[in-house]
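According to my numbering, the sequence shown is numbered sequentially starting from 47. The beta carbon of each residue, even a glycine, is placed where N, CA and C say it ideally should be. All of these numbers come straight from a predicted model, not from anything done at the bench.
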Amino acid sequence: MKAVVYQEPYSVTVEEVDDARILDPTDVVIRVTTSAICGSDLHMYEGRTGAEPGLIFGHENMGVVEDVGSGVATIKKGDRVVLPFNVACGFCKNCLANRTGFCLTVNQGFAGGAYGYVSMGPYRGGQAEYLRVPFADFNCLKLPPGDVHEDDFALLADIFPTGYHATQLAGVSPGDTVCVFGAGPVGLMAGYSALIRGASKVFVVDRQPDRLRLAEQIGTIPIDYTKGDAAEQIMEQTGGDGTDRGIDAVGYQATVPEGHEQPAMILNTLVNAVRATGTIGVVGLYVPADPGGPSESAKHGELLFRMGKFFEKGQRMATGQANVKSYNRQLRDLIIAGRATPSFVVSHRLPLEQAPEAYDQFDKRAEGWTKVLLKPAM
Ligand code: NAD
Ligand code: ZN
């Protein structure tokens, strides 16, 4: 089968690899219909994670069940399913508590598994024609048959639940004001989710005009941080108080300005932008910087956080991988009911063969390349 394979920093190719097949009785194999490229893939693509050449990328997967292991009870050949990016067992302490992003069974070294992701288990990615799905009864979310809402449902594997998770971590409630840093796919989904949860005013901060336009289109207030300090702009528009809730949907990429010995970071701006006793949710990834990068501490993802200011304001902060399984059934049903259309974020639908160009353009945050869906059968 064909698959998107990591070669070296800034290089993926489409290669012929061994077919995906059942390894355990609890597995299924799906024929992939859509697998999206994520900002999280870019950490590996840019060579900042120690991903080995040969890794098949792709953790945002959906498709149709092709082959079913003898121990699978509820999933049948022909079922249309979407897969949370977290590979999870369903029966460990964390899974039983809905913390499926931290499954203790699948990857005890790191806590939490994922398809096609360095240090998150041996699972191959789905940017390929076929994909093996472990613990299939738990990890498959069934979808209505046919091809209805294909692009909306595809986003249930990661970014829609991750955006929603950000609002959960930040504790967004009806009437709240919210600022979201980052208008990438995840930030846009966080802004969109904040509106779904009844926020009264949502600010979305970025510098990219095309992404800020999308933010405006869904009813959030775009803030261009190149036009002045983002926290000050938000303060001005909230009567000097700051927002009730804040979200980091950027992560490490915003933390290492050229030539800085110790990286400053976006979290300090968030502390400034959120009101005293407000809450902050962090879904942007803090992966260690390039080993050849600016400083020893940066290698370990250490950051300069102004703890004093955070304490002074009596704020709280929560972080982590999204527990996709705990939201994606509910978000699926909002899509089916016509009350959510997350695919507004999708800019490109491309065959696997165009993955190298898509990675290059998405990595450069090229104008108009907001979210790419790879379609192996195209
Ligand atoms: P992305 O990396 O393209 O989005 C980041 C956006 O932030 C870009 O639009 C960029 O212009 C903007 N940005 C950069 N510096 C900024 C700053 N100083 N202030 C405001 N905005 C700034 O793609 P994405 O897919 O949206 O991913 C965002 C982050 O979310 C990544 O770190 C990714 O790894 C992470 N992520 C986390 C989870 C999770 O489960 N926690 C899941 C998916 C993605
Ligand atoms: Zn992702």
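Asked                                                                                                                                                               : Found
Report yes if the C-beta distance between Phe206 and Asn374 is below 9 Å; otherwise report no.                                                                      : yes
Measuring only the C-alpha atoms, how far is Ala383 from Glu196?                                                                                                    : 14 Å
Considering Pro268, what are the terminal residues of the beta strand (DSSP E) in which it resides?                                                                 : 267-270
Can you tell me whether Cys225 is helix, strand or coil according to DSSP?                                                                                          : strand
For Gly233, which option in Gly209, Tyr271, Leu241 has the closest C-alpha, if you only look at C-alpha atoms?                                                      : Gly209
In the DSSP assignment, what residue or residues form a beta bridge with Val111?                                                                                    : Ile76
Which same chain residues, not among the five before or five after Met363, have their C-beta less than 6 Å away from its C-beta?                                    : Ile326
In whole angstroms, what separates the C-alpha of Ile483 from that of Asp294?                                                                                       : Shown here, the chain extends from 47 to 424; a query on residue 483 therefore has no answer.
Could you check what DSSP says for Lys139 in three-state terms: helix, strand or coil?                                                                              : helix
Using 8 Å as the cut-off, classify the Cβ of Ile22 as near or not near the heavy atoms of ligand 1, replying yes or no.                                             : In the structure as shown, the chain starts at 47 and stops at 424, and residue 22 therefore has no counterpart that could be examined.
For Ala119, which residues of its own chain have a beta-carbon under 8 Å away from its beta-carbon, when the five flanking residues on both sides are left out?     : Asp183
Is it the case that the CB of Phe408 approaches a heavy atom of ligand 2 more closely than 8 Å?                                                                     : no
Assign Val218 to one of three DSSP states: helix, strand, or coil.                                                                                                  : coil
Using beta-carbon positions only, say whether Leu187 and Met235 come within less than 9 Å of one another.                                                           : no
Looking at the structure shown, is Thr59 part of a helix, part of a strand, or coil, going by DSSP?                                                                 : strand
Taking just the CA atoms, how far does Gly162 sit from Val63?                                                                                                       : 14 Å
In terms of residues, what are the limits of the alpha helix (DSSP H) holding Ile382?                                                                               : 371-382
Please list, in chain order, all residues of the same chain as Ala277 whose beta carbon is under 6 Å from its beta carbon, the five residues on each side excluded. : Thr315, Asn318, Ala319
Beta carbon of His394: closer than 8 Å to some heavy atom of ligand 1?                                                                                              : no
Are at least three pairs of beta-carbons, each pair with one atom in the stretch 63-77 and one in the stretch 174-183, less than 8 Å apart?                         : yes
With C-beta atoms as the reference, is Ser419 less than 9 Å away from Ala401?                                                                                       : For the sequence presented, residue 419 should be read as Leu rather than Ser. No, these two residues do not count as a Cβ contact at 9 Å.
With a threshold of 8 Å (Cβ to nearest heavy atom), would Pro130 be considered close to ligand 1?                                                                   : no
With 9 Å set as the bound, which would you pick, yes or no: does the beta-carbon of Ser239 sit closer than that to a beta-carbon of chain D?                        : The displayed structure is made up of one protein chain only, and chain D is not part of it.
Is the closest heavy atom of ligand 2 to the C-beta of Gly330 under 8 Å?                                                                                            : no
Thinking Ser372 and Asn144 are a contact (beta carbons under 8 Å), I'd like their distance in whole angstroms, please.                                              : 4 Å
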